[in-house]
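The working numbering puts the sequence shown at residues 20 to 242. For glycine and all other residues, C-beta sits at the position ideal for the given N, C-alpha and C. Following: one structure in structure tokens, then a few remarks.
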Amino acid sequence: MSQSQKFLLSVFVAICLVVVVVVLVYRIFPAPPPSDDRVAACYALLPADRRAGVHFENGPNNTATVAVEAEEKSNSPTKEQLESFIQCLRVFIKDVRIATASQPAAPLGEVADHWSAPGQVGLQLVLLPGTNDEVLNNLRFGPASGNKSDIVAGWCKETAACVKCDPPGPTAQTPEVLVRLLPGTRTKKIAMKGSWDVPKQAKPWQLVDKKGTRFLYECEPAG
């Protein structure tokens with residue numbers, strides 16, 4: 020190997036190391052608070068060691084988005100801390116939206132449980148008991164990504180032949196959406212990809228047979 024080749028290889032290795040270090044720093048340490056003093060004051064409500072996974076971004080027309088990573092870590096803020104942070108922002112920002120990580124296709128009941136779990140903030144889904152709770156709990160939700168309110172509004176419109184959402188068009192300030200299965204709906208039972216463990220005590224949204232096949236229900240258009 021010539022000297023010039025050795026030099027180019029050294030430069031390439033050095034660049035790769037810098038990229039790796041930058042990625043690790045970004046993932047391990049939370050981003051510094053924005054320069055706006057009011058936003059910084061709201062960040063102060065989050066303990067310095069509990070800010071992982073919270074990302075703030077200003078938007079046009081006095082709007083903002085708070086993206087919260089779905090993966091819970093030891094240095095992630097608690098649900099109460101996040102709610103205090105968001106309420107603080109809403110004092111001076113007209114529309115604060117809560118963004119969620121990419122939502123793969125999953126049973127509606129599982130999504131509802133996850134969004135109401137400790138550490139989760141923003142809009143929640145409430146499933147109302149009805150004539151066929153198995154279908155409601157295992158109705159396909161997603162795939163989608165973006166703001167929770169936009170995801171739910173789109174899903175409610177897409178599955179309007181099978182469910183009634185209240186309100187049907189949630190906004191960033193909507194705390195919860197009530198979902199009820201409509202009588203006489205037409206659905207199709209489909210298998211999810213992959214193989215699944217058979218739960219000893221299955222939750223309402225775990226339709227897994229003895230072979231490890233898991234199922235969802237898809238809403239079919241009326242008519």
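Can you tell me whether Cys181 is buried or exposed? The criterion is at least 16 other CB atoms within 10 Å of its CB, across all chains shown.
The residue is buried, with at least 16 neighbouring Cβ atoms inside 10 Å.
Exposed or buried, which one is Thr190 when buried takes at least 16 other CB atoms within 10 Å?
Classification for Thr190: exposed.
So what does DSSP say about Arg159, is it helix, strand or coil?
Looking at Arg159 - three-state DSSP - the assignment turns out to be strand.
Alpha carbon to alpha carbon, how far is Gly78 from Asp55? Give it in angstroms, no decimals.
If I take the Cα positions, the gap works out to 13 Å.
Buried or exposed: Val13, going by 16 or more other Cβ atoms within 10 Å of its Cβ?
Since the first residue of the chain shown is 20 and the last is 242, residue 13 is not available in this structure.
Would Gly128 pass as a contact of Leu146 if the rule is Cβ separation under 8 Å?
Yes, they are a contact pair.
Checking 8 Å against the spacing of the C-beta atoms, do Arg69 and Pro96 come in under that value?
Their beta carbons are under 8 Å apart, which means Arg69 touches Pro96 by this criterion.
Between the beta-carbon of Val196 and the beta-carbon of Leu158, is there less than 8 Å?
No; because the gap between Cβ atoms is not below 8 Å, this pair is not in contact.
Please state the DSSP three-state secondary structure of Ser164.
Strand at Ser164.
On a CA-only basis, which of Leu144, Gln192 and Ala221 is nearest Lys183? Give me that one, please.
The shortest Cα separation from Lys183 among Leu144, Gln192 and Ala221 belongs to Leu144.
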